[in-house]
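What follows is a short report on a single structure.
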Amino acid sequence: MGLLSIIRKIKRKEKEMRILMVGLDNSGKTTIVLKINGEDTSVISPTLGFNIKTITYDKYTLNIWDVGGQRTIRSYWRNYFEQTDGLVWVVDSSDLRRLDDCKMELDNLLKEERLSGASLLIFANKQDIKGALTPAEIAKVLNLEAMDKTRHWKIVGCSAYTGEGLLEGFDWLVQDIASRIYVP
Amino acid sequence: MEDEAQHPSNPTPDQTLDDPTIHQKHASMLERLSNLHQTRLQNSLTRKSDSHSSNPSFESTQSFLSRFSDSKRSIESQLAGCRLTTATTDPNSLKSQLEAVAISIAELEKLVAENSYFLPSYEVRSSLKSISDLKQTLENLNSELIPKKKFAFRNKAAKKDQSSAAKGAAIVKPDPHLINKTSFEVRDSPGFRNKEGQVLVKDFKGLEVGEFALSDLNSCEVKLMGCARALFVHRLQNCRVYAGPILGSILIEEVEGCVFVLASHQIRIHHAKGSDFYLRVRSRPIIEDCSRVRFAPYCLCYKGIEEDLRESSLNEEMGNWANVDDFRWLRAVQSPNWSILPENERVGTIEISNSETGIEES
Numbered sequence: 001m002g003l004l005s006i007i008r009k010i011k012r013k014e015k016e017m018r019i020l021m022v023g024l025d026n027s028g029k030t031t032i033v034l035k036i037n038g039e040d041t042s043v044i045s046p047t048l049g050f051n052i053k054t055i056t057y058d059k060y061t062l063n064i065w066d067v068g069g070q071r072t073i074r075s076y077w078r079n080y081f082e083q084t085d086g087l088v089w090v091v092d093s094s095d096l097r098r099l100d101d102c103k104m105e106l107d108n109l110l111k112e113e114r115l116s117g118a119s120l121l122i123f124a125n126k127q128d129i130k131g132a133l134t135p136a137e138i139a140k141v142l143n144l145e146a147m148d149k150t151r152h153w154k155i156v157g158c159s160a161y162t163g164e165g166l167l168e169g170f171d172w173l174v175q176d177i178a179s180r181i182y183v184p
Numbered sequence: 001m002e003d004e005a006q007h008p009s010n011p012t013p014d015q016t017l018d019d020p021t022i023h024q025k026h027a028s029m030l031e032r033l034s035n036l037h038q039t040r041l042q043n044s045l046t047r048k049s050d051s052h053s054s055n056p057s058f059e060s061t062q063s064f065l066s067r068f069s070d071s072k073r074s075i076e077s078q079l080a081g082c083r084l085t086t087a088t089t090d091p092n093s094l095k096s097q098l099e100a101v102a103i104s105i106a107e108l109e110k111l112v113a114e115n116s117y118f119l120p121s122y123e124v125r126s127s128l129k130s131i132s133d134l135k136q137t138l139e140n141l142n143s144e145l146i147p148k149k150k151f152a153f154r155n156k157a158a159k160k161d162q163s164s165a166a167k168g169a170a171i172v173k174p175d176p177h178l179i180n181k182t183s184f185e186v187r188d189s190p191g192f193r194n195k196e197g198q199v200l201v202k203d204f205k206g207l208e209v210g211e212f213a214l215s216d217l218n219s220c221e222v223k224l225m226g227c228a229r230a231l232f233v234h235r236l237q238n239c240r241v242y243a244g245p246i247l248g249s250i251l252i253e254e255v256e257g258c259v260f261v262l263a264s265h266q267i268r269i270h271h272a273k274g275s276d277f278y279l280r281v282r283s284r285p286i287i288e289d290c291s292r293v294r295f296a297p298y299c300l301c302y303k304g305i306e307e308d309l310r311e312s313s314l315n316e317e318m319g320n321w322a323n324v325d326d327f328r329w330l331r332a333v334q335s336p337n338w339s340i341l342p343e344n345e346r347v348g349t350i351e352i353s354n355s356e357t358g359i360e361e362s
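From first to last, the protein sequence lines stand for chains R and E. Going by the numbering used here, 37 is the number at position 37 of the first sequence; the sequence numbering is gapless. Going by the numbering used here, 102 is the number at position 102 of the second sequence; the sequence numbering is gapless.
What follows is the structure, encoded as structure tokens:
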């Protein structure tokens, strides 16, 4: 009760959403966040640690946590699970060799109880690269259909390089979260 | 207590009326305090009897200090022992020695925690400081040993690779259980795979190239001209790889004894050993689980490279080739895993052309 309900009330008032971006290294998480915020994406170093971006989206304030995906720091992802409303899993659709790695890490993440209520958006990124798998193919490889029926999820093809698909994905995510926690 | 002191000096009519309630409150507070004291005493008694066998009790600072300094001295000599035997013992026994030291330090920490309730705060602080120093020394020792640990680990991995290589070409196919599970076969990216002792040439000019892969090559020379969007490099031994600009990112995993001349927006290098990288990067290159890797600036030349570099916004040298981040070494001091390649050991400008004999992509 107590504190948690107060936090919920404050959140509702300010219409805040907490969004966690994760995925393997080199999948384009930071580029997506910067692109959607209209920032320069030409010089981005691999993320050592994490970035937080606060973005106003429609009438909501999104707190986006972009956490580095290098193997060494994946074990720290758990530190960011608390209070997550939306989970964005980013896939490098052109990295065919590491798709099983990608599936394994996603499966582990979805077992996490603290994320069980979070809406899940899967970005099949790098669609602009010739030879990249389509979102439908990524969905098959990740076996998304087999996911827990209670989970709200959607897969969207995108290119952080051109910006294509990013708004479609975030529109769905924000609407889905809003319909869950900001019921009028 | 404060209530009592304040009220008589500053009585208001309300409070005088409430006086009996205040008294009641006061009494119950005193009772709570004495209960608390009682429990504390009891706890310390139980603690004493609990730890009686291993840690004889002493509520005296003096005896704590002598016990603490004994343990500390023994840990220090253990640590010194580890350092001395580093050269002679095999990594496994050294590892268990270090683990033993870690346990001793943890015990010492517990000792301080158990006795902290009666120790003067100065003693607690200085004991904790000594413990953190010991931990630091242990960590330093551990990190000195890391190359050895990694070496053993990779050796194992290499053995596994060989056994799976023996099974035939199956290794480049996607994970078999993945196919079974999803009944969906992932196609391969274009690239060079499973070659030994060959010159491999590919000109991307005029082609729309997405990702390109180099995997399982041994003693090959790879020349890639023109622009591509992404490059994946996996399991290369004793190879030389020269490539034109990559507009997206390059991912390199499990390479040994190689020379790479690469330009890209992002470069990630995992599990590389004894290799040299001549890079031009727009962002900071990163390494993870690497050892003996060295870096120098990009030095490739072929007909039309200036234009290709400009097209990929890589025409400008930003000096990032030397700004390497080691994800296994998150400290201010230089990582022992990488270094800058001394100028007198660098290769000169490398010239490649597509008129050379070589094998086209298969």
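Note that the Cβ used here is the ideal one computed from N, Cα and C, for glycine as well.
Using a cut-off of 8 angstroms between C-beta atoms, extract the partners of residue i located in chain R.
i, result
"E/P190", "G131"
"E/G210", "S94, I129, K130, G131, A132"
Helix, strand or coil for residue i per DSSP?
i, result
"E/P297", "strand"
"E/L314", "coil"
"R/A118", "coil"
"R/T47", "coil"
"E/N337", "coil"
"E/L224", "strand"
"R/T30", "helix"
"E/W321", "helix"
"E/F204", "coil"
"E/P20", "helix"
"R/L133", "coil"
"R/T201", "In this structure chain R extends from 1 to 184, so residue 201 of chain R is not present and cannot be described."
"E/I352", "coil"
"R/D92", "strand"
"R/V141", "helix"
"E/D70", "helix"
Would you say residue i lies against chain E (beta-carbon separation less than 7 angstroms)?
i, result
"R/P46", "yes"
"R/T72", "yes"
"R/N26", "yes"
Quick check: the Cα distance between residue i and residue j, rounded to an integer number of angstroms?
i, j, result
"R/Y60", "R/E16", "6 angstroms"
"E/D289", "R/L48", "15 angstroms"
"E/S28", "E/S127", "39 angstroms"
"E/L98", "E/D325", "28 angstroms"
"R/T31", "R/N51", "11 angstroms"
"E/C299", "E/S71", "57 angstroms"
"R/N63", "R/D85", "10 angstroms"
"E/S353", "R/D107", "46 angstroms"
"E/P120", "E/L330", "36 angstroms"
"E/V317", "E/L279", "One detail in the question is off: residue 317 of chain E reads as Glu in this sequence, not Val. In a straight line, the C-alpha of E/E317 is about 10 angstroms away from that of E/L279."
"E/E59", "E/E76", "26 angstroms"
"R/I129", "R/D95", "10 angstroms"
"E/V293", "E/V347", "15 angstroms"
"E/E139", "E/C227", "45 angstroms"
What do you reckon, is the C-beta of residue i under 6 angstroms from a heavy atom of the ligand ATP?
i, result
"E/V281", "Annotation note on the ligand ATP: not contained in the displayed structure, which lists no ligands."
Quick one: give me the first and last residue of the beta strand (DSSP E) that residue i is part of.
i, result
"E/E196", "191-196"
"R/T150", "Segment: none, R/T150 is in no beta strand (DSSP E) and carries neither H nor E."
"E/V259", "259-281"
"E/A332", "No beta strand (DSSP E) contains E/A332, which DSSP labels as neither H nor E."
"E/Q237", "230-237"
Counting only beta-carbon separations shorter than 7 angstroms, does residue i have a partner in chain R?
i, result
"E/R282", "yes"
"E/K173", "In this prediction, E/K173 scores a pLDDT of 43, lower than 50, which makes its location untrustworthy; no coordinate-derived value is stated."
"E/L251", "yes"
"E/R193", "no"
"E/E99", "no"
"E/E345", "no"
"E/D216", "no"
"E/D203", "no"
"E/F327", "yes"
"E/R125", "no"
"E/R67", "no"
"E/R268", "yes"
"E/R229", "yes"
By the criterion of Cβ-Cβ separation under 7 angstroms, what are the contact partners of residue i in chain R?
i, result
"E/F232", "D95, R97"
Which residue marks the beginning of the alpha helix (DSSP H) containing residue i, and which one marks its end?
i, result
"R/S179", "166-181"
"R/L109", "99-110"
"R/R74", "71-74"
"E/L119", "Run containing E/L119: none; DSSP gives neither H nor E here."
Can you list the residues of chain E that residue i reaches, using a CB-CB cut of under 7 angstroms?
i, result
"R/V90", "The contacting residues do not exist; R/V90 stays about 13 angstroms from chain E at best."
What residues from chain E crowd round residue i, counting only those whose CB sits closer than 8 angstroms?
i, result
"R/S42", "H265, R282, S313"
If the cut is a Cβ gap below 9 angstroms, which residues of chain R does residue i touch?
i, result
"E/I286", "D25, S45, P46, L48, Q70"
"E/R235", "Residues of chain R passing the Cβ test: none, with the nearest at roughly 10 angstroms."
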